[in-house]
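Taking this note's numbering, I'd label the letters of the sequence shown as residues 32 to 408. Take a look at the structure below.
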Amino acid sequence: MDLSYTPEEEEFRARLREWLARTLPALPPKPSPADWPGRRAYDLGWQRRLYDAGYADVHWDASPTTRLIFLEETEKAGAPYVGANFVGLLHAGPTIAAEGTDAQRARWLPPILRGDEVWCQGFSEPDAGSDLAALRTRARREGDDYVVTGAKIWTSHAEVADWCELLVRTDPAAPRHRGITWLAMPMGAPGITVRPLRTLAGSAEFAEVFLDEVRVPVANRVGDENDGWRVTMVTLSFERGTAFAGEVVACRRVLGELAVEARKNARWDDPALRRRLGRLNAEFRALWRLTQWNVSAAEASGGVPGVGGSVFKLRYSQARQELYDAAADVLGPDCLDLDRPWTLDRLSSLSYTIAAGTSQIQHSIIAERILGLPKGR
32 MDLSYTPEEE EFRARLREWL ARTLPALPPK PSPADWPGRR AYDLGWQRRL YDAGYADVHW
92 DASPTTRLIF LEETEKAGAP YVGANFVGLL HAGPTIAAEG TDAQRARWLP PILRGDEVWC
152 QGFSEPDAGS DLAALRTRAR REGDDYVVTG AKIWTSHAEV ADWCELLVRT DPAAPRHRGI
212 TWLAMPMGAP GITVRPLRTL AGSAEFAEVF LDEVRVPVAN RVGDENDGWR VTMVTLSFER
272 GTAFAGEVVA CRRVLGELAV EARKNARWDD PALRRRLGRL NAEFRALWRL TQWNVSAAEA
332 SGGVPGVGGS VFKLRYSQAR QELYDAAADV LGPDCLDLDR PWTLDRLSSL SYTIAAGTSQ
392 IQHSIIAERI LGLPKGR
């Protein structure tokens, strides 16, 4: 498989670099991590700049390779992360683009691209754990509406979201993977209660969401009724396949910064630490090549990442934790200082083997769908 870039793709890279060099110095200061309204405004403002410059649609209308170049160059340049736009740009948006009707694409995609609306993800539930198919949130059909009752947890950006990509059970009698439906729920609908959750790192980008007889129009259903599991697999393929690509670049940058810091504080004299950093360098170089391979595979299959994303997600989650464990070794006692670089990142890295599908789930996907092993009993 060819992992090189075409002249047209390299031309896109050069234009993007030039635009980033002109644009980034003019950005306003970043708001406090605790100021979610401010963070929403900052993230939407950045998205609007991308839209006005013609770069907003790279996640959907551009080729997977062009998308990868965009993620690589924006991360290298230190451009703002997608932040509150994460679910809309990298999960819900690509899913609607792939599975939605013309009317749904016309309604929801332009506001995401312009930086007008924020989405959150209503997948996980308190009693389901990592078993997404065990969800219990019910939706009964009443005329032109679904009436939804239940609870979601770890709902990303719910406190500032306009819409929620929501999984509901529409046929309790069906086999559990076949009675699920994917809905777009307006977060301003009556009956929705949002309670922010504070993480170990002190941030509150997740929330519990309680749904009490919330009415969602049937027109907001993406895909057929009871076909939501298949649609969800499209969503998760984007989440695990390409959504973390920019983070690989960020980890490689952090690795270089750790080497510089180790030389400053004499930790570089430890040969075990040097070997550890060298191995991590090889690890992230390999992960970047795997990302390129997954993107090339997606390009060959119509733009939707395949199950190879689970291989990437499994190894990247562990490598990220190992990277920030190495950062703690470099910092020594200062790793307990929350004001030092990498300390909060180390705390957040602990969630990566759980978020977007636990490592145990990824092992099962790889075993069954790639290696063809029988399902466990």
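Quick reminder that beta carbons are idealized off the backbone N, C-alpha and C, glycines included.
key: Straight-line Cα distance separating T37 from A238   = 43 angstroms
query = Under 8 angstroms, do A189 and V225 count as touching if we go by C-beta distance?
reply = In this structure, V225 lies closer than 8 angstroms to A189 by Cβ.
task = List the whole-angstrom C-beta distance separating T180 from L242, where the pair is believed to meet the contact cut-off of C-beta under 8 angstroms.
result = 6 angstroms
ask   = With distances taken from CA atoms, which of L121, D66 and R46 is nearest G85?
value = R46
query = Are T263 and L198 close, meaning C-beta to C-beta below 8 angstroms?
reply = yes
ask   = Hey, how far is the Cα of D255 from the Cα of C282?
value = 39 angstroms
ask   = In its own chain, which residues sit with a C-beta less than 8 angstroms from the C-beta of L304, not counting the 5 before and 5 after it?
value = Non-local C-beta neighbours of L304 in its own chain, meaning closer than 8 angstroms and more than five positions away in sequence, comprise A293, R298, A357, D360 and V361, ordered along the chain.
ask   = Where do the N-terminal and C-terminal ends of the alpha helix (DSSP H) with G146 fall, by residue?
value = From DSSP, G146 is part of no alpha helix (DSSP H); its letter is neither H nor E.
task = Measure the C-alpha to C-alpha separation of R79 and G146 and round it to an integer number of angstroms.
result = 5 angstroms
key: Inter-residue Cα distance where the pair is P62 and W213   = 33 angstroms
message = Counting C-beta neighbours from all protein chains within 10 Å, is the total for K344 16 or more, i.e. buried, or is it exposed?
response = buried
Candidates W260, A350 and E103, of which the one nearest E40 by Cα = The option with the nearest alpha carbon to E40 is E103.
ask   = Would you call the stretch 63-70 and the stretch 133-147 in contact, with 3 or more CB pairs under 8 angstroms?
value = Pairwise C-beta distances place the stretch 63-70 out of contact with the stretch 133-147, as fewer than three of them are shorter than 8 angstroms.
key: Sequence-distant residues of the same chain with beta carbon closer than 6 angstroms to F101, five excluded per side   = V89
message = For I211, tell me which candidate among D202, C195, G219 and A129 has the shortest Cα-Cα distance.
response = D202
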